[in-house]
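Q:
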Amino acid sequence: MMVPVRCFTCGNVVGEHWEEFDERANEGDEDPQEVLDDLGVDRYCCRRMLVSHTDLVDVVSPYQ
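Just so we're aligned, residue 1 is where the sequence shown starts under the UniProt record's numbering, counting upward by one.
In structure tokens, the structure reads:
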């Protein structure tokens, strides 16, 4: 899960791309730039949000 869901700069929804981006770029062997191109994320600010995001939800709330 990506928090925040929207780009801070332009307000576009970027959270919907997080799961696939994380799978393909961070855990796989694909280049993050190519993954973002495939997902249709064109704006620099949105790309920055996805590339620099760190998932802290599991760290902050370890209990279900």
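In this text, a Cβ means the ideal position worked out from N, Cα and C, and glycines have one as well.
Less than 7 Å separating the beta-carbons of MET49 and VAL5?
A: Your numbering for residue 49 matches position 49 in the sequence shown. Your numbering for residue 5 matches position 5 in the sequence shown. Contact: no.
Q: Using a Cβ-Cβ cutoff of less than 6 Å, which residues in the same chain neighbour VAL35 once the five nearest sequence positions on both sides are dropped?
A: Here residue 35 refers to the residue found at position 35 of the sequence shown. These residues qualify, in order along the chain: PHE21, ARG24 and ALA25.
Q: Based on DSSP bridge pairs, tell me the residues matched to ARG6.
A: The residue you call residue 6 lines up with position 6 of the sequence shown. Paired residues: VAL13.
Q: Taking DSSP as the reference, what is the three-state secondary structure of VAL41?
A: The sequence position of residue 41 within the sequence shown is 41, counting from 1. Here VAL41 sits in coil by DSSP.
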